[in-house]
Each structure stands twice: as structure tokens, then as C-alpha cells.
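Using this note's numbering, the letters of the sequence shown correspond one by one to residues 166 to 720. Built from N, CA and C at the ideal position, the CB exists for glycine as well. Predicted model, so just to flag it, every value in this text is computed and none were measured. As C-alpha cells, the structure follows; a few thoughts come after it.
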Amino acid sequence: MKLSYRLHIMAILLALTCHLSSTRAQATDPSMPHLVHENGRHMLMVDGEPFLILGAQCHNSSAWPATLPRVWSAMTALNVNTLEIPIYWEQFEPEPGRYDYHVIDAIITQAREHDVRLILLWFATWKNGSNHYMPQWMKLQPQKYPNITGAQGQPIDSPSPHAPATLEADIRAFTAFMKHLKEFDAQHTVIMVQVENEPGSWDSVRDYSPAAQKIFNSPVPAAALAAMKKSGASNRNWRDVFGRDADEFFQVWHVASYIGQVAAAGKAVYPLPLLVNGSIRDPFHPGWPPTYQVGGPNDNVFELWKAAAPAVDILSPDIYLSDTDAYLKVLQLYNRPDNPLFVPETIGHGAITRFFFAALGNGAIGYAPFGMDDTIISTGRDGEPLSAEEKYGDTALNYRLIKPMAQEIARLNFAGKVQTAVQMAVDSTSGPGSSWDRVHYITDQTLHFDGWDADIAFGRFQRLARIQNQPEGPDGRILIAELSKGQYLLAGYHCRVLFRPNGENRERPWQYLRVEEGRYVDGVFKAERILNGDQTDWGLVFATPAVLRVQLYTR
Ligand code: DGJ
166 MKLSYRLHIM AILLALTCHL SSTRAQATDP SMPHLVHENG RHMLMVDGEP
216 FLILGAQCHN SSAWPATLPR VWSAMTALNV NTLEIPIYWE QFEPEPGRYD
266 YHVIDAIITQ AREHDVRLIL LWFATWKNGS NHYMPQWMKL QPQKYPNITG
316 AQGQPIDSPS PHAPATLEAD IRAFTAFMKH LKEFDAQHTV IMVQVENEPG
366 SWDSVRDYSP AAQKIFNSPV PAAALAAMKK SGASNRNWRD VFGRDADEFF
416 QVWHVASYIG QVAAAGKAVY PLPLLVNGSI RDPFHPGWPP TYQVGGPNDN
466 VFELWKAAAP AVDILSPDIY LSDTDAYLKV LQLYNRPDNP LFVPETIGHG
516 AITRFFFAAL GNGAIGYAPF GMDDTIISTG RDGEPLSAEE KYGDTALNYR
566 LIKPMAQEIA RLNFAGKVQT AVQMAVDSTS GPGSSWDRVH YITDQTLHFD
616 GWDADIAFGR FQRLARIQNQ PEGPDGRILI AELSKGQYLL AGYHCRVLFR
666 PNGENRERPW QYLRVEEGRY VDGVFKAERI LNGDQTDWGL VFATPAVLRV
716 QLYTR
């Protein structure tokens with residue numbers, strides 16, 4: 166072997182060893198943001214402490230130094246601890262191989278000034294299924310960086326996952342971006358990165374170009390077969406193995422493999438937690454693709470995504486469903502032992518904001534409504550501009566209530582101690598004329614704890630503490646965390662909670678030993694008063710937002 170060749174090999178090995186050991190060092194560095202998993206539950210760690218993402222996402226075109234002031238004003242009003250904000254490939258790489266870091270640096274520097282963490286959204290090959298954020302120099306070479314072709318040969322406004330040059334360019338740019346984060350952000354202002362945005366295609370289930378068709382007619386890769394428990398079907402093509410699901414699964418596998426490679430390359434440089442968000446299908450009425458976007462992490466293709474993109478830590482639903490049952494179902498579907506629940510986009514005003522509590526009850530590591538900044542004047546149904554209170558009020562209230570105890574909630578959720586309930590429907594019995602029976606004996610939902618049940622009633626006239634300003638929508642919400650047996654932390658509003666002994670405590674005489682109303686200061690609960698008499702004898706009424714600590718007692 167020639168000396169120069171041997172030196173070359175040694176140099177490669179050395180580089181590889183240094184790279185691997187630095188990756189390992191980062192992965193074990195406790196200050197590095199990372200996820201922990203235990204007993205099928207998950208927790209995000211930031212600066213070595215549990216962290217609950219109380220987030221909001223800005224509008225798509227707000228990540229410019231000129232617009233940032235109108236983002237920060239909203240983030241302050243919202244009480245967020247995390248901003249989700251895009252990084253645009255077209256801005257980042259204006260010419261091939263020339264990277265422009267000034268916008269990223271401005272965002273990170275200003276986030277620190279506002280004491281807000283960041284989740285950066287890599288708007289690159291896919292943004293809502295299209296290639297619109299690719300740099301101009303790529304868009305102008307459609308042969309090299311192609312879109313997909315529909316079944317009738319028509320052009321589709323969606324990049325092909327079978328394009329090696331596009332993949333290579335995205336890997337190169339994403340790696341440069343992650344390398345820069347590693348160098349510029351030693352204090353970990355950036356806690357996660359989203360790879361692409363709502364990837365996949367609309368208008369065509371897959372690419373029908375001759376090149377893609379050739380792959381479609383080839384044997385399904387062994388890893389895809391294994392993921393779908395079809396290992397016996399080796400050497401058979403997609404149609405033969407998957408029948409009428411073949412087109413969809415083919416597209417999903419290739420989009421996920423593509424993003425898996427981009428994610429892995431970035432993670433090798435700087436191992437931040439990575440997520441992919443999906444424009445999800447309705448869990449109860451999914452329809453048939455492409456009536457929903459195909460390629461992203463839908464609930465029916467989780468296994469394909471997990472197998473094709475192991476460097477992606479979190480598959481996330483963007484939830485724009487307003488139907489209560491559908492929304493709650495999606496939360497359940499994405500909270501899995503192999504997948505932390507994180508909602509990176511949803512609606513941030515009105516009664517829908519109660520689903521933040523539902524997400525917490527499903528073990529969520531975070532939540533972030535979309536489009537929450539001051540760059541766009543939002544209008545209500547009457548066409549009048551919404552006030553800041555109308556636009557942000559409900560999300561701000563959620564976060565004002567939970568933020569002081571966010572770390573405690575993340576920790577308790579990881580231990581499986583948090584349960585929540587949200588109002589399912591508008592209450593038709595509310596009003597001052599409600600009868601005694603209604604006041605006392607209606608229960609909408611019951612949460613079960615060790616030795617105790619909590620009966621929850623929403624939205625009705627509550628004796629001695631009538632719920633004021635009950636809005637039109639069903640907006641009641643409550644979180645109950647078990648601190649120890651018989652001791653609970655409660656936070657919420659527009660509901661009443663009645664504890665009663667159950668299990669081994671059933672039939673025993675009992676009472677509230679102590680009910681404290683207060684607030685968290687620097688992570689410690691400070692009681693402001695003890696509730697008793699009328700404030701506990703008819704249940705614990707959350708007519709307005711409140712935080713209680715309750716100690717129960719049986720003989
Ligand atoms: C979902 C996308 O992910 C966002 O970037 C944005 O386009 C919203 N839809 C618009 O409502």
C-alpha cells in the first residue's frame with residue numbers, strides 16, 4: 166500500500182474517531198437538551214432539568230430581523246418559554262455552498278434577551294408539501310431538483326423524494342446549519358430542531374415519473390417489509406406486497422428515508438432532539454389518499470417512519486381539528502412508548518385552547534399554537550380586528566397558570582402522576598335557575614387516583630361560586646397531579662372538583678384536611694390562603710383560574 170494512501174486512510178479514521186467521541190461526549194453532556202424515556206413515558210431535559218415546552222409558533226414570514234420585534238411582543242404577552250420559528254433554506258444558502266448565518270444569529274441572540282428558548286424549523290426540501298423554500302438556484306434547475314409527476318403525467322407542486330441531488334444539497338445545508346448551532350449556541354438556547362415542515366405531497370399519492378415507477382416495480386426494501394411485518398414477502402414489489410396501500414406506503418417510505426438521512430447527518434454533527442411534523446388525517450374519517458397529505462407521519466404509517474428515520478426523535482401532529490373527539494383521539498395516537506407527544510402546531514384561541522390541558526393529560530412534553538405573533542392583524546367573524554386579548558388571551562391564560570409550575574408538571578408527568586379533564590360539550594343546563602340536584606349531583610368525568618376519585622363537573626351554575634363570563638364554547642379545563650397518596654395539586658378553571666374516597670378508602674369517613682390556594686414562585690408552592698367552609702363543602706369550585714394544593718384524610 167502506498168504511503169500517501171495509508172496516510173489518507175489514517176486521516177479518515179482519526180477524523181471519524183474524533184467525530185464519534187465528540188458526538189458521544191455531547192450526547193452524555195447533561196446540559197445538552199435531550200429526551201429521556203422510561204416506562205413508556207418521556208421527558209425533555211434542558212440544562213439538566215425537566216422542561217415543559219409552553220410554546221407558540223410565529224407566522225411563516227416572520228423570521229426576519231425586521232419583523233422580530235413584532236414576534237417578541239407577542240411572545241411576551243403569551244408567557245411562552247419557547248418560540249418555534251422557521252429558518253429558510255432560500256435565505257440560508259443564497260448561492261450553492263455559501264451560507265448566511267446572520268438571521269439565525271439574530272434570532273438566537275434576541276431569544277436570549279427575551280429569556281425564551283427556541284425550536285428552529287428547517288423549511289427546506291418540503292414546506293407544506295411543496296418546494297417553495299428551496300433556494301432560487303435550485304428552483305431554476307428543475308431537471309436536477311425535480312418535483313414529482315402525477316399518475317396522468319401532470320406536474321405536481323411537490324419535490325420528489327427520489328432526487329439524489331436534492332437530498333445531497335439538503336444534507337449539506339442542514340449539516341452546515343447544525344454545525345453552526347453547535348458553535349454559536351453553547352448555552353443551548355435552541356432546544357430542538359424540526360426537520361422540514363409538513364413533508365409529503367398533495368394532489369398525487371406518489372411520484373409516477375419513469376424513474377420513480379422503476380423503484381415502485383422493484384422489490385420492497387427488507388427494512389420496510391420488517392417494519393410492516395411482511396418479512397416473508399421478500400423480492401416482491403410494492404403493489405404485490407401492499408395492494409391498494411402500495412402507492413401511499415411507497416411515498417411514505419421514501420419521504421421518511423430521505424428525511425431520515427438529512428436528520429442523521431445533522432445529528433452526527435450536533436445531537437439535538439429532532440422532530441418531524443405532519444399535516445395529519447382525521448383519525449375517524451381519514452378518507453382515501455391524496456384527500457390527505459401523503460408522506461408525513463400519519464397514524465397509519467408510524468412503523469414505516471420509525472424504521473426509515475430513526476434519527477428523528479418525535480413524530481408530531483399539527484392539529485387543526487376542532488371536533489373534540491377527533492382532537493383527543495389524535496393526542497392519544499401520538500403518545501406512544503416509542504414516541505413522545507408534542508403538538509408543534511394547533512389553534513391558539515377560544516375553547517380549543519383547553520386541549521393544552523388534554524395534551525398534558527396525555528403525557529405531552531410540549532404544546533405550541535401556530536401563527537401567534539403581531540405581524541398579521543387577525544380579524545374575527547365580524548371582520549373586525551381581534552384585540553390582543555381575543556387573539557392571545559386563552560393561550561396566555563393557560564401558560565400564566567402552568568408556567569410557574571412547568572418543571573414540576575414535566576417531572577410529575579414523567580412519573581405518570583398527571584391527569585386532566587376538559588369540557589366535552591357546551592353545557593345546556595347552566596344558568597341561575599339550575600336546580601339543587603344539578604348543582605350537587607352532576608358529574609361529567611371522573612379521574613381515578615390511588616384510593617380517591619375526583620368527580621369533575623363543567624360549566625354549570627356552581628353554588629356560592631357562579632362561574633362568571635362562561636364563554637360560548639365548552640372551555641372548562643382541569644389538571645390534577647398526585648403529589649403523594651391523598652395529596653394533590655390542582656390547576657384549572659370553569660369547573661368543580663369533588664373528591665371522594667374509593668378503592669381501599671371506599672365507605673370510610675373522610676374530609677379535606679387542608680385545601681390551600683396559592684401559586685408557584687421559583688418552582689415552590691406558596692399558599693396564600695386556606696379554603697374551608699363554603700369554599701370546600703360544595704366541592705372545589707374553579708370559577709376563575711386557580712391553583713390549589715389539597716390534602717385529603719380518611720379515618
Ligand atoms: C400548517 C403549516 O405547517 C404552517 O407552516 C402554516 O402554513 C399553517 N399550516 C397555516 O395555517
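For residue i, the first and last residue of its enclosing beta strand (DSSP E)
i           : result
residue 229 : First-last for residue 229: undefined, no H or E at that position.
residue 320 : 320 to 324
residue 357 : 355 to 362
residue 211 : 206 to 211
residue 457 : Element bounds for residue 457: n/a, residue is neither H nor E.
residue 214 : 214 to 216
residue 256 : Residue 256 -> not in any beta strand (DSSP E); alpha helix (DSSP H) instead, spanning 254 to 257.
residue 292 : 282 to 292
residue 650 : Here residue 650 belongs to no beta strand (DSSP E), and DSSP marks it neither H nor E.
residue 691 : 689 to 696
residue 469 : Where residue 469 is concerned, there is no enclosing beta strand (DSSP E), although the alpha helix (DSSP H) it sits in stretches over 467 to 473.
residue 312 : 312 to 314
residue 712 : 711 to 719
residue 513 : First-last for residue 513: undefined, no H or E at that position.
residue 441 : 439 to 444
residue 618 : 617 to 623
residue 202 : 199 to 203
residue 107 : In the structure displayed, the chain extends from 166 to 720; residue 107 sits before or after that span and is not available.
Segment limits, alpha helix (DSSP H) that includes residue i
i           : result
residue 344 : 329 to 349
residue 701 : 699 to 702
residue 277 : 267 to 278
residue 723 : In the structure displayed, the chain extends from 166 to 720; residue 723 sits before or after that span and is not available.
residue 301 : 301 to 304
residue 453 : Where residue 453 is concerned, there is no enclosing alpha helix (DSSP H), given that its DSSP letter is neither H nor E.
residue 506 : Where residue 506 is concerned, there is no enclosing alpha helix (DSSP H), given that its DSSP letter is neither H nor E.
Cβ-Cβ separation, residue j to residue i (assumed contact under 8 Å), whole Å
i           : j           : result
residue 235 : residue 540 : 5 Å
residue 425 : residue 340 : The Cβ separation is near 14 Å, so there is no contact.
residue 497 : residue 527 : 6 Å
residue 218 : residue 507 : 7 Å
residue 668 : residue 717 : Not confirmed; about 13 Å, so no contact.
residue 273 : residue 335 : That pair is no contact at about 22 Å.
residue 227 : residue 538 : 5 Å
residue 271 : residue 300 : Their Cβ separation, rounded to whole angstroms, is 20 Å, which puts residue 271 and residue 300 out of contact at 8 Å.
residue 371 : residue 412 : 5 Å
residue 579 : residue 208 : 4 Å
residue 385 : residue 406 : 5 Å
residue 620 : residue 665 : 7 Å
beta-carbon residue i near the ligand SAM non-hydrogen atom, thresh 6 Å
i           : result
residue 391 : You won't find the ligand SAM in this model; what it holds is the ligand DGJ.
Contact with chain B by residue i, beta-carbon distance below 7 Å
i           : result
residue 302 : In summary, chain B is missing from the structure at hand, where a single protein chain is found.
Any heavy atom of the ligand DGJ within less than 6 Å of residue CB: hits in chain order: 225, 293, 362, 363, 483, 510 and 535
Segment contact flag, the segment 499 to 516 with the segment 384 to 400, C-beta cutoff 8 Å, min 3 pairs: no
Sequence ranges, alpha helix (DSSP H) only - wholly within the segment 515 to 601, length at least 4: 520 to 526, 553 to 567 and 571 to 579
The segment 474 to 485 contacting the segment 307 to 324, beta-carbon criterion three pairs below 8 Å: no
Secondary structure, alpha helix (DSSP H): runs of 4+ residues fully inside the segment 356 to 419: 375 to 381, 387 to 392 and 403 to 407
Inter-stretch contact (C-beta, 8 Å, three-pair minimum) for the segment 357 to 377 and the segment 324 to 331: yes
Complete runs of the beta strand (DSSP E) confined to the segment 661 to 687 [at least 3 residues]: 675 to 686
Touch test, the segment 689 to 697 against the segment 705 to 720, Cβ-Cβ under 8 Å, three pairs minimum: yes
Contact the segment 446 to 459 vs the segment 490 to 504: 3+ CB pairs below 8 Å: yes
Touching by the beta-carbon criterion (3+ pairs, under 8 Å), the segment 551 to 571 and the segment 641 to 657: yes
The segment 362 to 374 contacting the segment 279 to 293, beta-carbon criterion three pairs below 8 Å: yes
Meets three-Cβ-pair contact criterion under 8 Å: the segment 231 to 251 and the segment 276 to 285: yes
Stretch-stretch touch, CB-based, cutoff 8 Å, three pairs: the segment 406 to 422 with the segment 454 to 462: yes
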